[in-house]
Every structure is written in C-alpha cells, then in structure tokens.
Amino acid sequence: MTATAFDNLDDYLALPRVSGLAVSADGSRVATTVAELNDKRTEYITAIWELDPAGQAPARRLTQGATGESSPAFTVGGDLLFLSSRRTGDKADDADKPPASVWRLPAAGGEATEELSVPAAVTALRTARAADVTVIGTTLLASAHSVDEDRRVRDLRKDAQVTAILHDGYPVRYWDKDLGQDHPHLFDASGPRDLTPNPGMALREAEFDVSADGGFLVTTWRVAGPGPAQRSVLVRVDLASKERTVIVDDPDADLEHPAISPDGSGVAFTRMTIAAPESAPRTTLHCLRFGDEPALVAPDWDRWPNSVTWSSDGASLVVTADQAGRTPVFVIDVATSTVAQLTNDDFSYADVVAAPDGVLYALRHSYAAPPHPVRIDPDGAVTVLPCVELPELPGTLTEVTAAAPDRTAVRSWLVLPDGDAAAPLLLWIHGGPLGSWNGWSWRWNPWLMAAQGYAVLLPDPALSTGYGQAFIQRGWGAWGGPPFEDLMAATDAACRHPRVDATRTAAMGGSFGGYMANWVAGHTDRFAAIVTHASLWALDQFGPTTDLAYYWRREMTPQMAAAHSPHRFVDQIATPMLVIHGDKDYRVPISEALRLWYELLADSALPADENGKSPHRFLYFPSEHHWVLAPQHTKIWYQVVLAFLAEHVLGEARELPEILGVASAP
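Positions -17 to 648 (our numbering) are the ones given, in order, by the sequence shown.
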C-alpha cells in the first residue's frame, strides 16, 4: 500500500489548510487563505493566496508576513484589505504579538501598508461592493468614549498588571474567552468613526452586512431577557448619521445571518425559535423589504438554512443547509419560494460568494477531501480552482443505513481502511447535539484511524440536522433515549459489514458526543474501550456552570437532567475509559472531567485498586479549551488515544510519546 500523509502524524499536521474566500465586485479576482505549520511546529501561520477564477492557472501567494494574514476583502477599487499582526513601526519592539490591524495591498502592485490600527484587535472586516466604504469590528472598554481613551486605560491596566473584571451582567465567559470590560463596536474605518456608541454587549459575536452603496449596515443585536437570558434582534445602522433602528424584533426567536439585497431594498435572515422543554428549536428563512413586514420564505422546506446570501441579480437567495450527511447549495426564488438544489454531489459547501452572471464561488469539502475552492456555474457545474494539493486517502468511504427501534432510518458514513481484512470498528459520536457528520474535520479526522487499520463509523442519530424537524424532535429532551438507540442500531448495521470485525470495537465522542460516550459506558459493555473528550457528566452540575446556561436551561429541566445524566450510572461502567479535557473549556467546564475522573476511580465497576491504579486514564491539557488546537497538543491527543485503543481493542502495547514524561503506556 502507498504511504499517505495520514500514516504519520507529523506529515498530517503539516498539510496546508484552506479557509475563507473573498471575491471582487466584478468577479475578476478571488482570494483565500492557506494556513501552514511554522518551523517550530507549534502554530499555523496563514497567508493570502489569489486564485484563478477560470480554474486554469495555479494559485499565487500574495502575502509573506511572519505572523500571518487573514480576512481578505476587496475594495470597490480592487485593492485587497486584510488583517495582520505584523510588527512594524512603533510595534516593532513589542514583546507581545501586536493586535491585528487593517492592511492594504494595492491592486496596481507594490507592498502592503498598514491602513488602520486600534488599541484592541480588529476582529471583523467588511467592504461595500459599490462604494469606498469599509466597516470593522473591534472592542472598546466600557468606560472609554474614544479610541484614545480606550488606549490610555488599556495601558494603565497593562502597566499595573491588573486583570480584574467586575461584571454586572451575563454571560461572563464564552467558549474559551473571559468576557471583560471591553464591549464590541462597529467602526467606519475612515477616521475611524464609532458607528455603535454605548452598545453594551449587544454586538458580542455579531453578524453584520454592509449595503452595496455603503449607506447602511444591518447587524444582529443582542437584547436582554428574561433574567440572564439573551436573544438576537436585527438593527439597521445608517453610516452617515449613526442612527440605529430595530427593524425586526421577535420575542420568540433569535434572528441571525443578515444579508442585504444587492439593491439595498431589503434584508434576508434566519429565524431560530427559542426552544422549550417540549419543543426543539426550528430555523427558517425570512426576507424583509424595508417598510413592509418580514415574510417567511420557503415555508414548506424542511431544512435548516445555515448561511444566506443573495444572487447577483437579487431575484434569489443562495442558501446552504445540511442534508443527509452533506451540505448542498440551494437557490430559492424570493417571489415564489421555489427551492432548487444547485449542487448534487457528496460534498458540503461553505463561504459561498455570489459574483456577476449567476456565478458562485465557495469552499467545498467532505470526508473524502479537505476544504478547497470551487466555482459553481448557474447550471450547477462545479470547477475546482487550483490551490493546494488534496491528500491521498488511506481507505474508502461508504454509507450505512440502519433501522432504529421506532423504524426511523439512521444513516452513517463508514470509513474503511485499505486492504481486505476485517477491521476493528470505532464508533465516533458527533457533538452539537444539533449537528451532523457532514464534512472534513482537522480535529476529528477518521483517516488517521484508517491509516492505523481501523474502520470508523460516523452516524447521525436523533438530534442531527439534515433529516427534517421531526428527526431532531425525536431526541429533544430525551438524550439517553432515541440518540442512544440510534447509535446502537447504527453500530449493529456497521458490524454486519464484511469489512468490519464486530469482536473489536470502541466508542469515542467529544462535547455532546462525549456525553453520549459517557451514557454508552453506563448502558452497555459491548465496547472494549471508550474515549470521552470535553464531555458532559453530571447534567445538574453542567447546566448552571456552562458559559451559556440559559440556552441549556430551555431543554434541560431538573427532570430531564435527572433522567438523562450519565453520572447516575457510574456503577455500571465496566469499560476502560480515557477522559480528555482542556482547562480553558468554558462551554463544558473542567469540573465535568474532574468529577467524572474521581467517580470512575471511586464508584465505577473498574475502580482504583489498593494501589490507586485502574485501567482508566485522564489526559489533561492545562492550556487548551473545548478543542485541542495547538499542533503539538493535537499530536499528543492522537498518540495517547491510539495507545489506549491499541491496548484495549487490539491487545497490543504501544509506547507513549517521551515528551509526556510518563513511565508506561496506558
């Protein structure tokens, strides 16, 4: 068999990674970013590359900064703007990496120059398609009324080594970040000029769009209530006057993904209903013509739109939505609500950008290929734009369908290693839970397992997106019910495949997938090993300590938490477990792993012996969060997981990396 990049972790980590897409207003230029491993192998550095829109010429690298560049955006004049933390001028001697600033690379040629620098990092960059207008996102301290005042107080805090934060609202943390006294703002880059004074936390994780003529923007805007809960409305901001107007306010939903029509007459957006204990959320597509009431688009379409843009002629909405393990591009006629599926392949599409004459550009990916840029013609024909070489895979990809106890069809991807021998099976359980195994993942990559001889099952159980609202509702408030039953049915179906060795199996999951791994551990002994990453263990403890407690409270009633909490079944766990968690994980706090680890050793059916030893293991990352992102830690993650699986699934001893400093394999 031919060796691939997946046979060696160092080779895999060195694969270049494509993300993001920018297209000039006339469609003549397309840019993307490519991340490559630095010389120390501890960080990925991104650079901006230009692509041939025709798909003929090779990609051309545009930037070479040592700290990397991101977020490309074309101006109306054809210049390329981007964000970078380059050390220049007064920042050349900074010991710390400078905050990201805006840079300009002229269309006529020449070196990039710094366009705009603010005390905090520039976090977002948008340009108008038909006007010389740029809007950025950054933060100001709550007490600061100008950029200069913000800089002065930040310097005071830095010089005094003060990190204290006084909160008067919720939330106080988000994913892996402490939310401080600084509040997100939107600025007109000319000046710069604050477009959203005194926003509070309304613009946290904001999604916004700028009109083609640069006259206004539409942004999501968080409002409080009830209690510590929040929801998102849509706000229109006039760029000249800074006048702020709430244009859509729905007390029963979060409004997201605003996309302004090409002629500026309206805005499309998604509406996600606020869930209740008995009803799962539902996402629908809407359009507001300014001066009218919002209108539901494609009311009979049983899919969740997850990105929205307009066709160049303004007649249609171009939408992506999960569907049966893929994410196609759909075109929806605004006037008639007719839904047409534009792409009909096994890929998922993201970063879709409309160009003139009905042409679209996007990033395409699947479990067979990492993200790569493509052009989509009006007839649905797809042309790959040369960029980075796609890696050869050490196996094949197929699908498996199972019948759940209630006769619902449950589909899965099944990765099979090269060769003819029956392979041990790994059940991988996705997170979310409102998600799907429908595209490439650099973190949970099944081909690394296939290269080691494993088959990997990637099922979409109840609560997964892409199968209709009823499929989600089946598992709502019943995590230990249909989702678990679906996973077992999918595993049974995979075990009947002639290439799968049903006598050697393990289960793995992260986040909600980790929750399910814990639930599986307490409800069956069919697996030889279980790996649980960033997992929920005690739901009564998780609910109020996660970063967005109000969101989970909508489903997680005391009764639901009591009935479906894995910790109640710890005494039934007779399978060796590898617990993995990062200390900076605020979505699933480290307390979940600490309690799980202690109770495995104290109360499971495989407790610690008289010497304090057990077959369970705990891999702890003090500096990582919900995801393990640093390349050196990703390598250790896979090394430890593979060693644990080798011992308990294959019956083989495998050395752990010396850098861990441990004496023996798990």
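In this text, a Cβ means the ideal position worked out from N, Cα and C, and glycines have one as well.
Computed from a predicted model, the values in this text were never measured in an experiment.
Contact between Leu168 and Phe198 does not hold, since their C-beta atoms are separated by about 12 Å, which reaches or exceeds 8 Å. A check of alpha carbon separations from Leu521 across Ser67, Leu578, Pro443 identifies Leu578 as the nearest. In the DSSP assignment, Tyr497 falls within the unbroken alpha helix (DSSP H) covering 494 to 505. Closest in C-alpha terms to Trp85, from the list Ala103, Asp78, Lys79, Leu65, comes Leu65. Scanning its chain for C-beta atoms nearer than 6 Å, with the 5 sequence neighbours on each side dropped, one finds around Val552 the residues Glu581, Asp585, Ser586, in chain order. The Cβ-Cβ distance between Arg393 and Ala437 does not fall below 8 Å.
Listed in chain order, the non-local C-beta contacts of Ala543 below 7 Å within the same chain comprise Leu521, Asp522, Gly525, local neighbours out to five positions each way being set aside. Counting every other CB atom within 10 Å of its CB across the protein chains shown gives Ser125 a total below 16, marking it as exposed. For Gln143, the number of other beta carbons within 10 angstroms of its own is below 16, and it is reported as exposed. Of the candidates Ala384, Tyr449, Arg636, Pro540, the residue whose Cα lies closest to the Cα of Asp468 is Ala384. Here DSSP, grouped into helix, strand and coil, assigns Leu299 to strand. Taking the Cβ atoms as the reference, Trp31 lies roughly 11 Å from Ala17, outside the contact range of under 8 Å. In the structure shown, Ile147 falls within a coil segment according to DSSP collapsed to helix, strand and coil.
Note on geometry: alpha-carbon atoms of Ser289 and Leu270 lie some 17 Å from one another. Between the C-alpha atoms of Val570 and Gly496 there is a straight-line separation of about 10 Å. Three or more beta-carbon pairs separated by less than 8 Å link the stretch 170 to 189 to the stretch 211 to 231, which places the two stretches in contact.
In this chain, Tyr533 is not harboured by any beta strand (DSSP E); it is covered by the alpha helix (DSSP H) spanning 531 to 535.
Arg134 counts as exposed, since fewer than 16 other C-beta atoms from the protein chains shown sit within 10 angstroms of its C-beta. For Pro387, the number of other beta carbons within 10 angstroms of its own is below 16, and it is reported as exposed. With fewer than 16 other beta carbons inside 10 angstroms of its own, Val154 counts as exposed.
In the DSSP assignment, Gln614 is bridged to no other residue.
Scanning its chain for C-beta atoms nearer than 8 Å, with the 5 sequence neighbours on each side dropped, one finds around Asp(-8) the residues Arg23, Lys617, in chain order. Boundaries of the alpha helix (DSSP H) around Tyr(-6): -9 to -5. Shown here for Pro101: same chain residues with a beta carbon closer than 6 Å to its own, the five before and five after excluded, namely Asp132, Arg133, Arg136 in chain order. The stretch 423 to 436 makes no contact with the stretch 445 to 462: fewer than 3 CB pairs, one atom from each, lie closer than 8 Å. CA-CA distance, Met559 to Asp507, rounds to 12 Å. If you compare the alpha carbons of Ala452, Leu185, Ile256 with that of Leu122, the shortest gap goes to Leu185.
About 20 Å separates the beta carbons of Thr325 and Pro338, which is beyond the 8 Å limit, so they are not a contact pair. Ranking Met431, Ala258, Tyr349, Met498 by CA distance to the CA of Ser547 puts Met498 first.
Approximately 16 Å separates the beta-carbon atoms of Ser6 and Gly91; this is outside 8 Å, ruling out the contact.
Sorting Arg486, Thr57, Gly273 by C-alpha distance to the C-alpha of Gly435 places Arg486 at the top. Taken through DSSP and simplified to helix, strand or coil, Asp130 comes out as helix.
The three-state secondary structure of Phe(-12), taken from DSSP, is helix.
Between Ser298 and Asp282, the gap from beta carbon to beta carbon reaches 8 Å or more.
When Cβ pairs closer than 8 Å are counted between the two stretches, the stretch 233 to 241 is seen to touch the stretch 193 to 213, the count reaching three or more.
Within the same chain, Cβ atoms closer than 7 Å to the Cβ of Lys79 are found at Thr49, Ser67, the five residues on either side in sequence being excluded.
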